[in-house]
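Engineer: Please see the structure below; I have some questions.
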Amino acid sequence: MVTLFLGGDVMLGRGVDQILPFPGDPALREEYIRDARAYVDLAEAANGPIPRPVGFRWPWGEALPVLDETAPDVRVVNLETAVTGDGDFTPGKDVHYRMSPANLPCLAAARPDVCALANNHVLDFGPRGLHETLDALAESGLRTAGAGPDEVGAKQPAIVPVGADGRVLVFSFGMPSSGIPKHWAATGQRPGVDVIAEPSHAAASVFADRLRQVRRPGDIAVASIHWGSNWGFDVTRPQVRFAHALLDAGVDIVHGHSSHHPRPLEVYRDRLILYGCGDLIDDYEGIGGYESYRDDLRVLYLVSVEADTGRLVNARMVPLRARRMRLEHAPSQDTEWLRAVLDRHSRAFGTRVDGGPDGTLTLRPLHTGQHT
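Using UniProt numbering, count along the sequence shown one by one with no gaps and you end on 372.
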């Protein structure tokens with residue numbers, strides 16, 4: 001059996017970067033906020049003082065003991081920030097994220113095996129910022145997927161050895177529906193990210209060819225996709241069909257992200273689809289407008305699959321809550337709220353979400369047939 005930790009959006013830039021030991025330039029180009037430290041002020045106004053500087057482990061908080069106890073074989077997160085002190089603000093974007101390369105020990109504290117980079121913020125500081133991001137992550141010994149100096153590099157999966165001779169392949173790609181500008185797509189002569197125009201049957205067929213070229217018997221394949229809107233529990237029919245087509249093509253887990261809160265889950269032909277993992281770490285505390293979605297609630301997804309087949313064995317979710325830019329265990333009433341919401345929206349996919357006495361949530365498929 002192979003156990004994976006799948007995390008949603010990890011945004012260690014902007015306000016989070018400002019509370020870490022080596023904050024970068026706080027300048028922003030947002031319409032209303034021009035200094036990243038203002039996001040720290042908003043978080044403190046909402047939930048209390050934040051010591052400065054905090055240690056590198058601070059933003060992860062109580063997530064780290066959970067990961068240490070679970071000891072997943074592979075850890076995958078979507079790193080949704082540039083890691084740079086270089087580059088220029090990309091024009092035409094309202095929001096730009098960057099963290100200082102000197103603060104990368106904060107990311108390393110969670111020991112990610114793969115950082116998915118095909119998202120709508122990794123190029124916020126242009127090609128120079130992307131090059132520095134890739135170099136800084138590589139120098140820190142962190143594998144990446146989904147972005148590169150050219151199209152070949154952007155499309156390469158990250159390969160994580162597991163066990164004696166097993167491998168987990170992590171492909172990262174994104175779609176314009178998540179806010180990725182189409183011109184960010186890597187080409188033969190241009191750095192960028194792996195962009196798929198839309199969740200179509202043709203796109204799934206092209207990906208299937210890519211997978212066949214690198215997959216070996218016994219490999220576990222993860223498709224990490226940045227797609228869809230920020231808010232809402234609806235999953236579009238093209239997204240569902242695309243996810244199913246990926247699993248039909250040999251993918252074992254669809255790791256979806258971009259939404260600021262968790263979205264429904266599905267088990268299709270004994271394999272897991274996470275349509276949206278929600279945010280994991282960010283500086284959004286104190287920002288109003290979408291309180292009904294409870295985006296302060298975060299989830300660690302712990303997924304176990306058969307080592308030789310990739311079939312789902314179990315999926316466990318650990319609810320957390322963001323307070324003072326730090327993850328803590330969610331109170332029981334918040335855990336039950338999250339369980340009820342995910343259960344209600346996952347029923348259409350033949351999936352139930354149950355609670356346990358230890359405060360975790362578990363997935364219970366009612367069937368594993370095709371949902372259309």
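We put the beta carbon where it would ideally sit given N, CA and C, even for glycine.
#1: With the cut-off set at 9 Å, would you say A118 and S224 are in Cβ contact?
#2: Kindly indicate which three-state DSSP category T335 falls into: helix, strand or coil?
#3: Do you know how far the Cα of L169 is from the Cα of D194?
#4: Would you tell me roughly how many angstroms separate the C-alpha atoms of G359 and A340, rounded to the nearest one?
#5: Name the residue from L211, V214, A221 and R263 whose alpha carbon lies nearest to the alpha carbon of T236.
#6: With DSSP run on the structure shown, which of helix, strand or coil describes C115?
#7: Which class does G192 belong to by DSSP, given the choice of helix, strand or coil?
#8: With DSSP run on the structure shown, which of helix, strand or coil describes T360?
#9: Extract the residue ranges of the beta strand (DSSP E) inside the region 253-337, only unbroken runs of 3 or more that lie entirely within it.
#10: Select from N120, G179, L79 and D150 the residue whose C-alpha is nearest the C-alpha of L142.
#11: Quick test of your reading: D150 and T187, contact by CB under 8 Å. State the CB separation rounded to the nearest angstrom.
#12: According to the neighbour-count rule (16 or more other Cβ atoms, all chains shown, within 10 Å of its Cβ), is S346 buried or exposed?
#13: Mind checking whether A154 and L123 have CB atoms under 9 Å apart?
#14: Please report the distance separating the alpha-carbon of V267 from that of E30.
#15: Which of helix, strand or coil does DSSP assign to N103?
#16: Out of G218, D270 and R352, point me to the one whose CA is closest to G166's CA.
#17: If G13 and R98 are in contact, beta carbons under 8 Å, what's the gap, nearest whole angstrom?
#18: When you compare the CB positions of V313 and L6, do they come within less than 9 Å of one another, or not?
#19: Our contact map puts P101 next to T84 with C-beta atoms below 8 Å; I'd like the distance itself, whole angstroms only.
#20: Distance check for H201 and N230, CA to CA, integer angstroms please.
#21: Name the residue from V254, I19, G92 and D209 whose alpha carbon lies nearest to the alpha carbon of L4.
#22: State the Cα-Cα distance for the pair I50 and A43, rounded to the nearest angstrom.
#23: Out of P199, P181, A145 and D86, point me to the one whose CA is closest to H131's CA.
#24: By a C-beta neighbour count over all protein chains shown, 10 Å radius and 16 as the cutoff for buried, is M1 buried or exposed?
#25: When DSSP builds the beta bridges, which residues end up paired with D354?
#26: Can you give me the start and stop residues for the alpha helix (DSSP H) that D17 sits inside?
#27: What residues in its chain sit with their C-beta under 7 Å from that of G276, if we drop five residues either side in the sequence?
#28: Please go through the same chain and pick out, in chain order, the residues whose beta-carbon is closer than 6 Å to the beta-carbon of H96, but skip the five residues on each side of it.
#29: Mapping the DSSP letters down to three states, classify L130 as helix, strand or coil.
#30: Can you give me the Cβ contacts of D94 inside the same chain, cut-off strictly under 8 Å, excluding the 5 residues immediately before and after it?
#31: With H, G and I counted as helix, E and B as strand and the rest as coil, what does DSSP make of M11?
Structural biologist: Result, derived from the coordinates:
#1: yes
#2: helix
#3: 16 Å
#4: Cα to Cα, G359 sits roughly 13 Å from A340.
#5: R263
#6: strand
#7: strand
#8: coil
#9: 253-257, 265-268, 271-274, 279-281, 297-305, 312-323 and 326-329
#10: L79
#11: Contact between D150 and T187 holds, since their C-beta atoms are separated by about 7 Å, short of 8 Å.
#12: buried
#13: no
#14: Those two C-alpha atoms are separated by around 40 Å.
#15: helix
#16: G218
#17: 5 Å
#18: no
#19: 7 Å
#20: 24 Å
#21: V254
#22: 8 Å
#23: D86
#24: exposed
#25: T362
#26: R14 to I19
#27: G228, G256, H257, S258, S259, P262 and R263
#28: F89 and D124
#29: helix
#30: E30 and E31
#31: coil
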